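Here is the structure we will look at, set down as structure tokens.
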Amino acid sequence: MTETNNLNSTFQDVSRRELRDLVRTQLQMLLEAADLQAAKSILVPVQPADIAEAIEGLPEAMHALAFRLLSKDEAIEVYEYLDYSVQERLIEELKSQEVRDIVDQMSSDDRARLFDELPAKVVNRLLEQLSPVERQATALLLGYEPNTAGRIMTLEFISLKENITVIQALERIRRLANASEIIYYLYVTDAERRLTGIVSLRDLVTSQPEQIIGEIMTRDVIFVRTDTDQEEVARAIQRYDFLAVPVVDKQQLLVGIVTVDDVIDILQEETTKDIYALGGGVQSSGDNYFQMNLMEVARKRVVWLFVLLITNTVTGTIIKSQEDILTKVVTLTAFIPLLTGTGGNVGAQSSTVVIRGMNTEEIRSLGTWQVIGREAIAGLLLGGMLGIIATIWAYFLQGRIEVAIAVGTSLVAISVLASVSGSTLPFLFRMLRLDPALMSAPFITTAVDVVGVLIYFNLARVILQL
């Protein structure tokens, strides 16, 4: 216990990252020594999110053992912070009653997101174990389309009527606060539950006790519908700096709210997915990439690598077909990697800024052709600057001005091609309802490699008069 007390006394002096690493290391050491009482003690002053990360860092065999150290209330909080793969593993390893207690006490939106990740057989079993109220709430959320406001909203909110007084509203908040996910915004509805206004907790506490809610509420309410895409919901909360946004159905009835913590998760998931995709077509379903099975990792990554393999085969075939010119001017071969590599980088830059602009709606005010034209000019400028340097470098290496001009001119043309491809393909794939981030990278590489090599050899033929 002395060791545990020393550890607890150091918590004030370390950063959050150091604390999480320290907790994970000490927790693993104590579990390996079978000192469960000391292991339980070091978790007492630690935040639920940090405990979840410490458990995720343990060997898989220790996950359930570490989780059982927590009290029931702590376990419910910590469970919601765990990665879905760890949550699923714990469901398989914990006793049925433990699972029921945890899942039944989860917030409805977190439970629905968990069920999205679990096999249907496990979901059906868990649904049967839920209380009637929670089962109905979960079934309601699962009835909406994935990745929509209806699927990610929570049903735990406080609504008020226009005709009640401030003092009555505050009394209602005191009574329902523990059952609500957020109390800073109160939503006003009519007799039929239609959303008519919103009032903040600050407005309530600064108003006169006998004032009517209808007198102090804001009637111009920003809301989303149950079928609104979750990314659009995230942008709405981000744009207006909300802590939560109300969700209404087709009849304008208030059915739930989406809170900022869920939006942060959505933005992180979408950003991660786009980065993985831009990094070479790695498909991400939302799982923690570094906790996935290696065979699954290989399966996800091999698809586009196979596409690139085929592309390189085509490029090789084109180069082979140009044996006559390569036989006469062997030095042309030395610059092929430079041209295709530069073109690939230029195309990747263009696609990245366009896809980012699509996600953040920064290019909404610009038309498609204006964006493509802008990137084409950028490609021309980049190609011009790089082409001058490449021409000088090629002449310095080979001593032939014709070869140097062929290399520099080709680099300009390939840069324009890459910029146009990088800015056009995301729009094309979005129009075809395909993921621009996932599809653009391999197709840009294909276009630059194949067409770029053709441009290079044809320009060389003209300039060298072969």
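In terms of UniProt numbering, the sequence shown opens at residue 1 and continues consecutively.
No residue lacks a Cβ here, since even glycine has one placed at the ideal position from N, Cα and C.
Since the structure is predicted, the reported quantities are computational estimates derived from the model, not experimental observations.
What does the alpha-carbon distance come out to for the pair residue i and residue j?
i	j	result
D83	T327	58 Å
L267	A234	7 Å
M52	V188	For the sequence presented, residue 52 should be read as Ala rather than Met. Those two C-alpha atoms are separated by around 37 Å.
P442	V307	7 Å
T165	I213	6 Å
R17	E32	23 Å
T445	R24	43 Å
M106	P132	14 Å
Q65	Y81	Per the sequence shown, the amino acid found at residue 65 is Leu instead of Gln. Near 17 Å, if we compare the C-alpha coordinates of Y81 and L65.
F335	R374	28 Å
V255	A137	11 Å
Q97	N147	30 Å
F242	P426	30 Å
S41	V86	23 Å
Quick test of your reading: residue i and residue j, contact by CB under 8 Å. State the CB separation rounded to the nearest angstrom.
i	j	result
D262	I91	Not quite, the Cβ-Cβ distance comes to about 21 Å (not below 8 Å), so this is no contact.
E339	L386	According to the sequence as given, residue 339 is Leu; it is not Glu. So it is not a contact: roughly 10 Å between Cβ atoms.
I237	M217	With a Cβ gap of about 20 Å, I237 and M217 do not count as contacting.
E134	D104	5 Å
residue 509	V448	Nothing about residue 509 can be read from this structure; the chain reaches only from 1 to 466.
A149	R225	7 Å
R430	M358	7 Å
L94	L58	At roughly 16 Å, the Cβ-Cβ gap does not stay under 8 Å, so L94 and L58 are not in contact.
I363	V371	6 Å
R100	H63	The pair is not a contact, with the Cβ atoms about 19 Å apart (cut-off 8 Å).
Buried or exposed for residue i, please, with buried defined as at least 16 other CB atoms from any protein chain shown within 10 angstroms of its CB.
i	result
S419	buried
M295	exposed
T313	exposed
S350	buried
E56	buried
E192	exposed
S415	buried
L30	buried
R111	buried
I392	exposed
D50	buried
G143	exposed
G341	exposed
Q37	exposed
Y456	buried
T315	buried
According to DSSP, residue i sits in a beta bridge with which residue or residues?
i	result
A244	T259
Y184	For Y184, which the question treats as bridged, DSSP gives no partner whatsoever.
V199	L186
I455	DSSP output for I455 lists no bridge partner at all.
L254	V248
L160	V188
How about residue i: is its Cβ closer than 7 Å to a heavy atom in the ligand NAD?
i	result
A34	Of the ligands one can find in the structure shown there are none, so the ligand NAD has no counterpart to examine.
### Message
For the segment 202-211 against the segment 240-252, do three or more pairs of beta-carbon atoms, one drawn from each stretch, fall closer than 8 Å, so that the two count as touching?
### Response
no
### Query
If you pair each beta-carbon of the segment 227-239 with each one of the segment 180-195, do three or more pairs fall below 8 Å?
no
### Query
Is it true that the segment 377-397 meets the segment 444-463, where meeting means three or more beta-carbon pairs spaced less than 8 Å apart?
no
### Task
Tell me, please, whether the segment 110-127 touches the segment 60-75 by the rule of three or more beta-carbon pairs shorter than 8 Å.
no
#### Entry: Contact between the segment 121-129 and the segment 154-170 (3+ Cβ pairs under 8 Å)
no
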